[in-house]
Amino acid sequence: MENIEELVRKIISDMQTGGNSSQSSSKTFSGNIPERARVATLVEKGRFEIQEYKLPEVGDDDILVKVEGCGVCGTDAHEFKNDPFNLIPVVLGHEGTGEIVKMGKNVCKDSAGKPLNLGDKVVTCMIFSDDPEITMFDLNKQNVGKADVYGLLPDAPDKFTGWFADYILIRKGSTVFNVSDMDLDSRILIEPCAVLVHAVERAKTTGILRFNSRVVVQGCGPIGLICIAVLRTMGIQNIMAVDGNENRLQFAKRMGADVSVDFRNFKGADALGQGVYEAFGGHYADFAFQCTGNPIAHANIYKMIRKGGGLCELGFFINGGDATINPHFDLCAKEITLVGSWVYTLRDYATTFDFLKRAIAIGLPIKELITHRFPLSEINEALKTNLSMQGLKIAVMAER
Ligand SMILES: [Zn+2]
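In the working numbering, the protein residues as written are 452 to 851.
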C-alpha cells in the first residue's frame with residue numbers, strides 16, 4: 452500500500468517537473484519570497500540582534516529554505532555565553548528544518564538519493580570536507596573528522612548561514628535530506644537524536660551491548676533522555692536512569708527506563724555504585740552511557756559497571772576539564788571496554804529518521820522533549836531559558 456502511494460507521488464512529481472527542468476535557470480515556489488529577510492546575529496556575548504538583509508542569489512546548485520523551526524543546542528548556549536569558537540558576529544542555529552522555496556537547476560536529489568522538489572521539508576547535516584558520497588556509503592568511516600556546520604560558520608557576506616533566521620541558503624557541497632514524511636517537532640529533534648544513534652553504534656562495537664544487558668544512562672538532560680529512547684526502541688529492556696533531578700528521572704521512566712537512581716541520595720562514588728548495584732537487584736551494569744558534561748560524573752560511572760563491562764562516554768562535546776580515575780581499579784582490574792563518541796556520521800542521520808518514526812510508533816513521548824517555543828524575535832529569551840536549565844529542549848519557531 453505504501454509503495455503504491457510512493458509511486459503515485461513520484462509520477463505526479465515527475466509530471467510536475469516535466470522532465471525538462473534544465474530549460475529554466477532555477478525552480479521557484481509559487482508563494483512569494485520577499486526581497487529581504489531576518490537573521491538573528493549574535494553581535495556580542497549574551498546578545499542577539501535581529502537584522503534584515505537582502506536574500507542571496509540562489510546558484511545552480513543551491514537551495515533556499517524557508518525556516519520553520521530550530522532547536523537550541525548546548526553548543527549554541529556556550530557560544531552565546533562565552534564565544535569559545537570565536538565566531539562573533541555569527542548567525543547560529545544548527546538543529547533546524549524548513550521548506551524548499553527555491554532551488555538551482557542542478558538540484559534534483561538529496562544526500563541519500565531521494566528526489567528533492569519545491570515544497571519538500573528538509574534538514575541539513577554537516578558539510579564534510581570528504582566527498583559526501585564516501586561519508587554516506589563507506590561503512591568503515593566512523594569519525595566525522597573535519598566538517599563544517601550551518602549555524603557555526605564564520606560570518607559571510609550573504610549572511611543566511613544559520614537556522615536562527617527566516618531563510619537559510621544551502622550551498623553546493625552541503626548535505627541535505629528530504630524529510631517531508633516527518634512532522635515539524637520530529638524534524639527539529641533529528642540533530643540531537645543523531646548524536647545518540649551514533650553513540651549507540653559506537654557502543655555496539657564493543658560487543659557488550661545486548662538485548663538483555665543491564666544498561667545505566669547517567670544524566671537525564673535531552674541527550675540522556677534520547678539515549679534511553681534509542682535503547683528502548685532497539686529492544687533493550689533493562690535500563691536505569693541516574694540523575695539528581697526528580698522531574699527528569701520521572702520523564703526518564705516514561706521514555707523507557709525501568710529503574711531510576713537519584714545520586715543525591717548517596718555520598719561518594721562507591722556508595723553510588725553500591726546504590727546502582729542494589730537497584731539492579733544485586734548486579735552492576737553490563738554497559739553504561741555517560742551523558743553529562745561533568746568530569747566527576749565520568750569518574751563516578753566506573754563504580755557502576757561490572758567486571759568485563761563497557762562504557763560509552765559522550766558527554767563532552769566541548770572541553771569540560773580533566774577527570775580523575777584510578778586506572779588500576781576502574782579500568783585494568785575490571786577490564787572495562789571504553790569507547791568515546793562525538794557527533795555523528797552522515798549515515799547515522801538517515802538511521803535517525805527511522806529511529807524517530809519507530810520511537811513515536813511504540814508510544815515514547817519523544818516530542819515532549821520540546822518544552823519551550825520562542826519566536827525568532829525573542830531569541831535572547833530562548834537562549835537565557837536554555838542557560839537557566841529550565842525545561843528540556845528549547846526551540847525557536849518561525850512566526851506565522
Ligand atoms: Zn547540536
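All residues carry an ideal CB built from backbone N, CA and C; glycine is no exception.
Residues bridged to residue i [DSSP beta-bridge criterion]
i, result
"T479", "K553"
"V523", "Looking at the DSSP assignment, V523 forms no beta bridge with any residue, so it has no partner."
"A708", "Answer is none; A708 lacks a bridge partner."
"I674", "None; I674 has no bridge partner."
"F531", "Paired residue(s): none; F531 is not in a bridge."
"L515", "K553 and L620"
"N689", "R665"
"H545", "H545 pairs with nothing; no bridge assigned."
"D713", "D694"
"I845", "H823"
Nearest-angstrom Cβ-Cβ length linking residue i and residue j, presumed shorter than 8 angstroms
i, j, result
"L765", "L789", "Their Cβ separation, rounded to whole angstroms, is 12 angstroms, which puts L765 and L789 out of contact at 8 angstroms."
"G555", "D512", "5 angstroms"
"L843", "P673", "5 angstroms"
"R683", "I690", "7 angstroms"
Residue i versus residue j: straight-line alpha-carbon distance, rounded
i, j, result
"E546", "I817", "16 angstroms"
"P507", "D713", "51 angstroms"
"D634", "M706", "19 angstroms"
"Q841", "E832", "12 angstroms"
"E829", "E503", "15 angstroms"
"D636", "I821", "8 angstroms"
"V600", "G732", "44 angstroms"
"L700", "K655", "25 angstroms"
"A748", "F740", "11 angstroms"
"G564", "N663", "36 angstroms"
"E652", "V794", "12 angstroms"
DSSP three-state assignment for residue i, whether helix, strand or coil
i, result
"R809", "helix"
"K496", "coil"
"V856", "In the structure as shown, the chain starts at 452 and stops at 851, and residue 856 therefore has no counterpart that could be examined."
"I787", "coil"
"K835", "helix"
"Q502", "strand"
"F825", "strand"
"V573", "strand"
"A488", "strand"
"K818", "helix"
"F410", "Outside the shown range of the chain, which is 452 to 851, sits residue 410, and nothing can be said about it."
"I463", "No answer about I463 holds up, because its pLDDT of 49 lies below 50 and its placement is not dependable."
Below-7 angstroms beta-carbon distance, residue i vs any chain C residue
i, result
"L789", "Within the model displayed, chain C is absent; a lone protein chain is all it includes."
Residue i beta carbon near ligand 3 (any heavy atom closer than 6 angstroms)
i, result
"V523", "You won't find ligand 3 in this model; what it holds is ligand 1."
Let me know the alpha helix (DSSP H) ranges lying completely inside the stretch 621-662, each 4 residues or longer, listed in chain order.
635-639 and 641-655
In chain order, what are the residue ranges of uninterrupted alpha helix (DSSP H) at least 4 long that sit wholly in the stretch 725-781?
746-752
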